[in-house]
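What follows is one structure encoded as structure tokens, with my remarks underneath.
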Amino acid sequence: MAYRSAQEDLRFILANVVPLAPVTATDRFAEATPETADAALSEAARLCDQVIAPVNAAGDQTPAQLENGVVRTSPGFRAALGEWVSGGWVGIAAGTDHGGMGLPQLLNMAVQDMFAGASLALQLNPLLTQGQIEALEAHASDALKALYLPKLISGEWSGTMNLTEPHAGSDVGALRARAEPAGDGTYRVTGQKIFITWGDSDCFENVCHLVLARLPDGAAGTKGISLFLVPKFLPDADGRPGQANALKVVSLEHKLGIHGSPTCVMAYEGATGWMVGEPNGGMAAMFTMMNNARLAVGVQGVGVAEAALQKAAAYAAERVQMGPIIGHADVRRMLATGRAEVFAARAIALACAQALDLARASGSGDWAARAAFLTPIAKGFGTDTGVRVADMGVQVHGGMGYIEETGAAQYLRDVRITPIYEGTNGIQALDLVGRKMADGGEAALRLIDEVCDQAEAARGAFPDLSCPVWNAAQNLREATEALAAQGAQDRFAGAVPYARAFARVLGAHFHLKAALASGADSPRARLAAVYVGRLLPEHRALLAEARVGAADLYALSDGDFGA
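Residue numbers (this note's numbering): 12 to 574.
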């Protein structure tokens, strides 16, 4: 079955559930008219369905290769990327000063949802470039912006993010990469980085790396880290790629999935770089890029879940075993809960994007706090949904799902990285109950208030849905207040179940909103009933675990784990 972008679901959400209208009512995004948004979704869907999706399997079956120091991309990838780039899609949310469209992140994330469903391996390339654009817009000097942003926004050049080192993993502060001042305003960057997505390719004139490294006088840990822009080719006097820089791809990682995305081990050997932001301010600058990527990775999980679900539903309708298997109760359960999960995760991710836009457009601290709070939830729940639904897709296929030719297994293999990269989902949950609840839980409680208010308003139209949603929100309120009063270690021990429970309740909130917009006798209302009846009850067990604390975990010795 051919992949079909979920543009109608996205249109419904943007009109009724997480509306685009409040964003476009601001001066900053006034040009993102309904007509512009509709045209963007239509054209992006056409490209995803007709150009991007057809090369997805080739990327899996014929991975990128390293030949004579140059990465050769999978068959069809270069042409498909070329069409995406030529449409200006890399710069959809970039500022207009350097050639971007200046459209809202809410619309960009809708487009990225479709792109990820078409081909996650291919979508990763422009996604990383978009993150670099945002980091440079916020932190680079005017000279760097003038030289690099037009090339990145146009898609002539691509961008990467270089954080991880072999010995350090998620402990970024343990990095050993160093940067020595060259005396002419540049720096000589030396070190090795791993897991560099699309660290090289044969698709672009230049590859621009954002690299974390430490100055000679940089303090230990994250406080002494600076950020440097290190291009593959040094721009000449006319801004064109000139002399090769002192960097190279050492090898490509052999991965479980996303084979078409070249994941590089990079070596910098006194490579010329330019500082981005202030000395020792590298983490602040890099987090601009990482926060963009964390939301986008949550959207990746949603996009892949959509594609896996479509394939599973089509197979179930065609496969006959005592009648079409789509008529069997357990298969219907899997497909129904999968569809309900995808809608919930999609709405949560778009709500985060909406909050980002409104924070940027208004300067409101409340909207900024909401965006910050929703980011780890959107990333964690979106990617967990991707894995759950892709796994369900294999199960619906039965034995044929375990056979590579059906294509069901690729979705599971590809999406499995998403709960890991850009900060594992465990780290996202720690961030949620740590920094994001440093306000005593105010941002969380404001969201919970909205869930309660809508549930109250829906009692007349949907009593069977609104009462469970209201009760769940009250349970979440009590747990939030309890967690805010706990010590850090106890909060951390319950972080993951708390984050999942919060997402469960938000998902019910958005399903109820969809039902209200559609009416009692509608597919949206029937899907909401599936979510509220079958999935929302999980929040109680999750919140019970979240409140247990850490004592039982630390009562175990290391040897009790079998180490």
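All C-beta atoms, glycine included, are put in the ideal place defined by N, C-alpha and C. Keep in mind it's a predicted model, so treat the numbers as computed, not measured.
Pull the bridge partners of residue 480 from the DSSP assignment, please.
According to DSSP, which records beta bridges pairwise, residue 480 is partnered with nothing at all.
Cβ shell of residue 105 (< 6 Å), same chain only, five flanking positions each side left out:
Correct list, in chain order: 111, 144, 164.
Give the range of the alpha helix (DSSP H) segment to which residue 86 is assigned.
Premise fails: residue 86 is in no alpha helix (DSSP H) and is neither H nor E.
Can you tell me whether DSSP reads residue 78 as helix, strand or coil?
Strand, per DSSP.
Just checking my contact of residue 243 with residue 218 at CB under 8 Å: how many whole Å lie between their CB atoms?
Contact flag correct, Cβ pair sits at about 4 Å.
Is the distance from the Cβ of residue 365 to the Cβ of residue 117 below 8 Å?
In contact: residue 365 and residue 117 (Cβ atoms closer than 8 Å).
Give me the DSSP bridge partner(s) of residue 173.
Per DSSP, 222.
Using DSSP with H/G/I as helix, E/B as strand and the rest coil, what is residue 231?
DSSP, reduced to helix, strand and coil, places residue 231 outside both helices and strands of the structure shown, so it counts as coil.
Assuming residue 129 and residue 60 make a contact with CB atoms under 8 Å, what is their CB distance in whole Å?
At roughly 7 Å, the Cβ-Cβ gap stays under 8 Å, so residue 129 and residue 60 are in contact.
From 534, 506, 572, 544, pick the residue whose C-alpha is nearest to that of residue 558; which is it?
Nearest option by C-alpha distance: 506.
Can you tell me whether DSSP reads residue 167 as helix, strand or coil?
The three-state secondary structure of residue 167, taken from DSSP, is coil.
Consult DSSP for residue 63 and reduce its assignment to one of helix, strand or coil.
When secondary structure is reduced to three states using DSSP, residue 63 falls in the helix class.
On a CA-only basis, which of 252, 152, 271, 246 is nearest residue 210? Give me that one, please.
Of 252, 152, 271, 246, the residue nearest in Cα terms is 271.
Using only alpha-carbon positions, find the residue among 511, 67, 169, 71 that is nearest to residue 387.
Out of 511, 67, 169, 71, 511 has the C-alpha closest to the C-alpha of residue 387.
What residue from 464, 451, 392 has the CA that sits closest to residue 437's CA?
Taking only the C-alpha atoms, the option nearest residue 437 is 392.
Where residue 46 falls, given that 16 or more other Cβ within 10 Å makes a residue buried
The residue is exposed, with fewer than 16 neighbouring Cβ atoms inside 10 Å.
Compute the Euclidean distance between the alpha carbons of residue 477 and residue 275, then round it to the nearest angstrom.
So the two alpha carbons sit approximately 49 Å from each other.
Measuring only between beta-carbons, confirm whether residue 438 sits less than 8 Å from chain B.
Going by chain labels, chain B is absent from the structure shown, which holds only one protein chain.
Coarse secondary structure for residue 280, derived from DSSP in three states
In the three-state reduction of the DSSP assignment, residue 280 falls in the strand class.
Nearest-angstrom beta carbon gap, residue 403 and residue 324 [assumed within contact, 8 Å]
The pair is not a contact, with the Cβ atoms about 11 Å apart (cut-off 8 Å).
Just to confirm, are residue 294 and residue 233 a CB contact at a threshold of 8 Å?
Yes, they are a contact pair.
Report the rounded CA-to-CA distance for residue 231 versus residue 290, giving the unit in angstroms.
Looking at the two C-alpha atoms, the distance is approximately 14 Å.
Range of the contiguous beta strand (DSSP E) that encloses residue 387
First-last for residue 387: 376-408, but that is the alpha helix (DSSP H), not the beta strand (DSSP E).
According to DSSP, is residue 473 part of a helix, a strand, or is it coil?
Three-state result, residue 473: coil.
Measure the alpha-carbon distance for residue 407 versus residue 340 and round it to whole angstroms.
The straight-line gap separating the alpha-carbon atoms of residue 407 and residue 340 is approximately 12 Å.
What are the boundary residues of the beta strand (DSSP E) that includes residue 191?
Element bounds for residue 191: 189-192.
Are there 16 or more other CB atoms within 10 angstroms of the CB of residue 212, so buried, or fewer, so exposed?
Result: buried.
For residue 122, list the residues DSSP reports as bridge partners.
Residue 122 is not bridged to any residue.
Hey, residue 454 and residue 380 are a contact pair by Cβ (cut 8 Å); roughly how many whole angstroms apart?
With a beta-carbon spacing of about 4 Å, residue 454 and residue 380 fall inside the 8 Å limit used to define contacts.
Per DSSP, the bridge partner or partners of residue 260:
In DSSP, residue 260 forms a bridge with 277.
Relative to the C-alpha of residue 102, which residue among 148, 74, 80 is closest?
Among 148, 74, 80, the Cα nearest to that of residue 102 is on 148.
Per DSSP, residue 490 forms a beta bridge with which residues?
DSSP lists no partner for residue 490.
Are the Cβ atoms of residue 385 and residue 351 separated by less than 8 Å?
It is not a contact, given that the beta carbons lie outside the stated cut-off.
Taking the beta strand (DSSP E) that residue 198 belongs to, which residues open and close that run?
According to the DSSP assignment, residue 198 belongs to the beta strand (DSSP E) that extends over 198-208.
Apply the 10 Å Cβ neighbour rule to residue 78 and answer buried if 16 or more other Cβ atoms are within range, or exposed otherwise.
Label assigned to residue 78: exposed.
Looking at residue 488: is its Cβ nearer than 8 Å to the Cβ of residue 494?
The beta carbons of residue 488 and residue 494 sit no closer together than 8 Å.
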